[in-house]
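These notes are about the structure you will find just below.
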């Protein structure tokens, strides 16, 4: 059954994708490691995504090495979103009615971060 939690997880992955594939407005790029996701079946994709988010150190290395310079300032905020949306490095097991408010709070804090707001 579809839950709002699926939507929040999708939001996380779309933001992750943008930070890797775009270096600002109208500056897209190909990243073979992640472009393969477009052609995986859902089970294979789930395993691949789990490998990205399951360990914080691995996640940080992946985003540090793959986020474009334009989106580098979002790394700590994306990591906070990861921890909120994918607790303990894996998909949620039960609905968390407070998650939407926590996501909104993280995004509002990110919107006040001078590093995020700096001109690039």
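Numbering (UniProt numbering), first residue to last: 1 to 120. Every residue, glycine too, gets a C-beta built ideally from N, C-alpha and C.
Asked: In the DSSP output, what is residue 22 paired with across the bridge?; Found: 28
Asked: Pick helix, strand or coil for residue 2, following the three-state DSSP scheme.; Found: coil
Asked: Please report the straight-line C-alpha distance between residue 91 and residue 85, rounded to a whole angstrom.; Found: 8 Å
Asked: Which residues in the same chain as residue 77 place their Cβ atom closer than 8 Å to its Cβ, once the five residues preceding and following it in sequence are excluded?; Found: 106, 107, 109, 110, 113, 116
Asked: In its own chain, which residues sit with a C-beta less than 6 Å from the C-beta of residue 68, not counting the 5 before and 5 after it?; Found: 23
Asked: Return the Cβ separation of residue 54 and residue 89 in integer angstroms, given the expectation that the two are a contact with Cβ distance under 8 Å.; Found: 4 Å
Asked: Can you find at least 3 beta carbon pairs, one from the region 95-102 and one from the region 56-74, that sit closer than 8 Å?; Found: no
Asked: Can you give me the start and stop residues for the alpha helix (DSSP H) that residue 83 sits inside?; Found: 75-85
Asked: Could you round the C-beta distance between residue 20 and residue 39 to whole angstroms and report it? I think they count as a contact, below 8 Å.; Found: Not really, about 16 Å apart at Cβ, beyond 8 Å.
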